[in-house]
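K.L.:
Residue numbers (this note's numbering), protein chains in the order written: chain D, 810 to 1201; chain E, 283 to 619.
What follows is a structure written as structure tokens; I'll ask about it next.
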């Protein structure tokens, strides 16, 4: 039998059609971006506004209150201010994520506690901090709480130690590493390796014999003993630079800015209240039968939580945690309201104003946040895939 | 607000296909309203009173332009801007005119697509310190912490000054005048640094104004003036000559009180000033009585100065550099002929 004759022309065939529309759409999008890009350049030129990235090599000439890398207001470039702001944003975000996770888990579990008082306190905490705008909370910590601290000359001191607290922040001694400190570091690394090894060995042992080995206690002992021995063996290669009140401020030591403290507290407290709810919903999603079964096996309450409930709850918790982490990073840009030198304040603020190149700088800043967010998403998706239900 | 104007400038620059090169004057006339960028609240320069009415020497700069173009100082929409927002607001066309204590520098004049139309206040950067510190000169400020407003020439001058004098300092950078003053007031900083005129104004907002002093040191030149977009010469002329009209009026002794009287004067220079002779408003594309309206409704430069920052105000700033050229200062307007 002969093949049925082709009745439709080629441009009416479904898959050719689809391809053609894809190409047309692609072209339209490309054309649109080409048009707005060219237009922006044309208008900038016509208005006499400088364009390009040459400004990154120019001297910045303004001071920044906190920098994790060497920065000098005289010699450093605008490009350097970008890195300084970026690192400050990373610092507060990373600390915030760690603190909020710990606090959030604690509160979330506490809310489900069978102790009436603990459960109520946890739910009061959550209802208060989850429902107040974050900016208001930042202002509260910065203006209402930290601004009431005393002046440098009337600093609070922790006993006789060189720890000071005043309106300029917390001032602590700065460690100065001398020759031989490498030995202590090496000892630390070796202890960590030993701990991992111990854990693996203990797991195997338990599988084989059913006997449990006190891993935690031994690990702590290793961590305490080995580096201490190394420290004295190397001849105590660590000294402290003590802060001292000279003139207006404390000289020496490390000072933790009140702006950083206020921002970190606000981000942690706010995000923790949201994480607590996520943790609670995660735990509640695990059916009560699991708890009962674990109890029937004779497991203690702590172990039930750690070995049975949490691993299953994590499947619900992780995807939602991802969006809380992303929010925390993006919320850290509220730093600019209280003068913490983050990327938005330093780079998209002062640098933008001194150079006037809004489009380039805002584009760079957006690219940074996009990169942060995509990295966190990527990492959390990987972790999520790992902890998902494995079908065997 | 801030983010809005960044986005606005980007979107505007991307979408607008062509620019009406000489359009601002026509636009303002057609709209019947001047949109003027001012500060978020700086005593003496631009601040609202308890009824929400704007006052100040910068506000008078806006009013002079509105009087000249529209014949009515009330036809103004004030847009309060912090120092980080101000240039994008002007570049994006959100405002017609920026009068916000903005220092005239080469970079701003040449690289940002803006033009400075003149100088309405000659200023210099100074220091406000707590009396209790016992500091007498800026040279004693080694190691001090400074509260500064973000995105100002102040930040740069401070770095230069301390580097030159081999001294160290720390900064805390805030967005608005109020936050900066609050930072100083609560003791977060030892010292507030800004243009000297602003220090007098901000001092009146402290809990105890007598607890702080302005040091005598002035470490920079800060010529402050009205700013317009580059490439709009007609509008530039209007703004520049609105300021010059006020200076010339002071020089000839014409005030808001006696301007009607002065219309009868035989002095040809005065007759040109009040729009009775000469070119009048023609070459500026303004009504013939444009300068008369400025003097009648706003007053001459001396009136504006004394009312807002001088002896009739809480600030009590002396004329100093801002006196006329024939009076020991450097305010000088070209002749109107």
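Quick reminder that beta carbons are idealized off the backbone N, C-alpha and C, glycines included.
Answer yes or no: do residue 1046(D) and residue 990(D) have a C-beta to C-beta separation smaller than 8 Å?
P.N.:
Here the question's residue 1046(D) lines up with position 237 in the first chain. Here the question's residue 990(D) lines up with position 181 in the first chain. Yes.
K.L.:
Consult DSSP for residue 559(E) and reduce its assignment to one of helix, strand or coil.
P.N.:
Here the question's residue 559(E) lines up with position 277 in the second chain. If DSSP states are grouped into helix, strand and coil, residue 559(E) belongs with coil.
K.L.:
Based on Cα-Cα distance, which residue from 418(E), 616(E) and 481(E) lies nearest to residue 523(E)?
P.N.:
Counted from its first residue, the second chain places residue 523(E) at position 241. Measuring from the Cα of residue 523(E), the nearest candidate turns out to be 616(E).
K.L.:
For the region 454 to 480 of chain E, enumerate the residues whose C-beta is nearer than 7 Å to any C-beta of chain D, in chain order.
P.N.:
For the region 454 to 480 of chain E, which is checked against every Cβ of chain D, the residues closer than 7 Å are 454, 455, 456, 457, 468, 469, 470 and 472.
K.L.:
Could you confirm whether any beta carbon from chain D is found closer than 8 Å to the beta carbon of residue 424(E)?
P.N.:
By one-based count along the second chain, residue 424(E) stands at place 142. Yes - at least one Cβ of chain D is within 8 Å of the one on residue 424(E).
K.L.:
Please return the same chain residues whose Cβ sits closer than 8 Å to the Cβ of residue 1187(D), not counting the five positions on each side in sequence.
P.N.:
Counting from one through the first chain, the residue named residue 1187(D) turns up at place 378. For residue 1187(D), where only same-chain residues beyond five positions count, there are no Cβ hits under 8 Å.
K.L.:
DSSP state of residue 403(E), grouped into three classes?
P.N.:
Stepping through the second chain from its first residue, residue 403(E) is reached at position 121. Residue state, collapsed to three classes: strand.
K.L.:
Quick one: does residue 560(E) have its CB under 8 Å from some CB of chain D?
P.N.:
As a working note, residue 560(E) is residue 278 in the second chain. No, residue 560(E) lies away from the interface with chain D (no Cβ there is under 8 Å from its Cβ).
K.L.:
Please check if any C-beta of chain E sits within less than 8 Å of the C-beta of residue 1060(D).
P.N.:
Position 251 of the first chain holds residue 1060(D). At least one chain E Cβ lies under 8 Å of residue 1060(D).
K.L.:
Spell out whether any CB of chain D is found under 8 Å from the CB atom of residue 382(E).
P.N.:
What you label residue 382(E) is simply residue 100 of the second chain in a count that begins at 1. No, residue 382(E) does not count as interfacial toward chain D.
K.L.:
Give the interface partners of residue 511(E) over in chain D, defined as CB-CB distance under 8 Å, in chain order.
P.N.:
Within the second chain, residue 511(E) is the residue found at index 229, counting from 1. By Cβ distance, chain D contributes 856.
K.L.:
For residue 548(E), count neighbouring C-beta atoms within 10 Å of its own C-beta (all shown protein chains included) and say buried if the count is 16 or more, exposed if not.
P.N.:
As a first step, residue 548(E) is located in the second chain; it is residue number 266 there, counting from the start. Residue 548(E) should be labelled exposed.
K.L.:
Exposed or buried, what is residue 226(E) when buried is set at 16 or more other beta-carbons lying within 10 Å of its beta-carbon?
P.N.:
Examination of residue 226(E) is not possible in this model, given that chain E is present from 283 through 619 alone.
K.L.:
Going along the region 932 to 956 of chain D in order, which residues come within less than 8 Å of chain E, judged by CB to CB distance?
P.N.:
Cβ contacts with chain E come from 952 and 956.
K.L.:
Residue 1182(D) lies in the alpha helix (DSSP H); which residues open and close that run?
P.N.:
Walking along the first chain from the start, residue 1182(D) turns up at place 373. Start and end: 1167 to 1196.
K.L.:
Would DSSP call residue 602(E) helix, strand or coil?
P.N.:
Here residue 602(E) refers to the residue found at position 320 of the second chain. Note: residue 602(E) maps to helix in three-state DSSP.
K.L.:
Got a sec? Which residues, its chain only, sit under 7 Å from residue 819(D) by beta carbon, not counting five neighbours each side?
P.N.:
Translated into the one-based positions of the first chain, residue 819(D) becomes position 10. These residues qualify, in order along the chain: 825.
K.L.:
Kindly list, in the order they appear in chain E, the residues whose Cβ is closer than 9 Å to that of residue 1055(D).
P.N.:
Counted from its first residue, the first chain places residue 1055(D) at position 246. Those within 9 Å of residue 1055(D) in chain E are 425.
K.L.:
Does any residue of chain D bring its CB to less than 8 Å from the CB of residue 343(E)?
P.N.:
Locating residue 343(E) in the second chain gives position 61, where the first residue counts as 1. Not closer than 8 Å to any Cβ of chain D, the Cβ of residue 343(E) fails to qualify, so no.
K.L.:
If you measure between the beta carbons of residue 1153(D) and residue 1144(D), is that distance less than 8 Å?
P.N.:
The residue labelled residue 1153(D) in the question sits at position 344 within the first chain. The residue labelled residue 1144(D) in the question sits at position 335 within the first chain. Result yes, Cβ atoms of residue 1153(D) and residue 1144(D) sit closer than 8 Å.
K.L.:
For residue 1136(D) and residue 848(D), what's the separation of their Cα atoms in angstroms?
P.N.:
Reading the first chain from its first residue, position 327 is the one you call residue 1136(D). Reading the first chain from its first residue, position 39 is the one you call residue 848(D). Their backbone Cα atoms lie some 34 Å apart in a straight line.
K.L.:
In the DSSP output, which residue or residues are listed as bridge partners for residue 361(E)?
P.N.:
For the purposes of this step, residue 361(E) is taken as residue 79 along the second chain, with counting starting at 1. 319(E).
K.L.:
With distances taken from CA atoms, which of 354(E), 395(E) and 432(E) is nearest residue 367(E)?
P.N.:
For the purposes of this step, residue 367(E) is taken as residue 85 along the second chain, with counting starting at 1. The residue with the shortest Cα to Cα distance from residue 367(E) is 432(E).
K.L.:
Out of 843(D), 1134(D), 958(D) and 981(D), which one is the CA nearest neighbour of residue 468(E)?
P.N.:
The residue you call residue 468(E) lines up with position 186 of the second chain. The shortest C-alpha separation from residue 468(E) is found at 958(D).
K.L.:
Return the CA-CA distance between residue 880(D) and residue 1177(D), expressed in angstroms with no decimal places.
P.N.:
Numbered from its first residue, the first chain carries residue 880(D) at position 71. Numbered from its first residue, the first chain carries residue 1177(D) at position 368. Spanning the two alpha carbons is a distance of roughly 20 Å.
K.L.:
Below 8 Å on the Cβ atoms is my contact criterion, and I expect residue 514(E) with residue 322(E) to pass it. Report the Cβ-Cβ distance as a whole number of Å.
P.N.:
By one-based count along the second chain, residue 514(E) stands at place 232. By one-based count along the second chain, residue 322(E) stands at place 40. Not really, about 26 Å apart at Cβ, beyond 8 Å.
K.L.:
If you draw a straight line from the alpha carbon of residue 894(D) to that of residue 1149(D), how long is it in whole angstroms?
P.N.:
Locating residue 894(D) in the first chain gives position 85, counting from the first residue. Locating residue 1149(D) in the first chain gives position 340, counting from the first residue. Straight-line Cα distance between these residues: approximately 10 Å.
K.L.:
Should residue 573(E) and residue 555(E) be called a contact, given that it needs their Cβ atoms to be closer than 8 Å?
P.N.:
Taking the second chain and counting its residues from 1, one reaches residue 573(E) at position 291. Taking the second chain and counting its residues from 1, one reaches residue 555(E) at position 273. Taking 8 Å as the Cβ cut-off, residue 573(E) and residue 555(E) qualify as a contacting pair.
K.L.:
Assuming residue 1160(D) and residue 1147(D) are in contact, meaning their beta carbons sit under 8 Å apart, how far apart are those beta carbons, in whole angstroms?
P.N.:
On the first chain, position 351 is the one that residue 1160(D) refers to. On the first chain, position 338 is the one that residue 1147(D) refers to. Residue 1160(D) to residue 1147(D), Cβ: 19 Å. No contact.
K.L.:
Please confirm whether residue 497(E) and residue 420(E) have their CB atoms less than 8 Å apart.
P.N.:
Taking the second chain and counting its residues from 1, the one referred to as residue 497(E) is at position 215. Taking the second chain and counting its residues from 1, the one referred to as residue 420(E) is at position 138. Yes, the pair counts as a contact, with Cβ atoms nearer than the cut-off.
K.L.:
With 16 as the cutoff for other CB atoms within 10 Å, does residue 1197(D) come out buried or exposed?
P.N.:
Within the first chain, residue 1197(D) is the residue found at index 388, counting from 1. That one is exposed.
K.L.:
Roughly how many angstroms lie between the CA atoms of residue 304(E) and residue 950(D), to the nearest whole one?
P.N.:
As a working note, residue 304(E) is residue 22 in the second chain. As a working note, residue 950(D) is residue 141 in the first chain. With a pLDDT of 49 at residue 304(E), under the threshold of 50, the predicted position of this residue should be treated as unreliable, and no value is reported.
K.L.:
Skipping 5 residues on each side, what residues in its chain have a beta carbon closer than 8 Å to that of residue 888(D)?
P.N.:
The sequence position of residue 888(D) within the first chain is 79, counting from 1. Answer for residue 888(D): 865 and 866, listed in chain order.
K.L.:
Measure the CB-CB distance between residue 380(E) and residue 319(E) and report whether it falls below 8 Å.
P.N.:
Position 98 of the second chain, counted from the start, is the residue given in the question as residue 380(E). Position 37 of the second chain, counted from the start, is the residue given in the question as residue 319(E). Their beta carbons are under 8 Å apart, which means residue 380(E) touches residue 319(E) by this criterion.
K.L.:
In the structure shown, what three-state DSSP assignment does residue 868(D) receive?
P.N.:
Taking the first chain and counting its residues from 1, one reaches residue 868(D) at position 59. Three-state DSSP puts residue 868(D) in a strand.
K.L.:
Taking only beta carbons into account, state which residues of the region 860 to 890 of chain D come closer than 7 Å to chain E, listed in chain order.
P.N.:
Of all residues in the region 860 to 890 of chain D, 870, 871, 872, 874, 882 and 883 have a Cβ within less than 7 Å of some Cβ in chain E.
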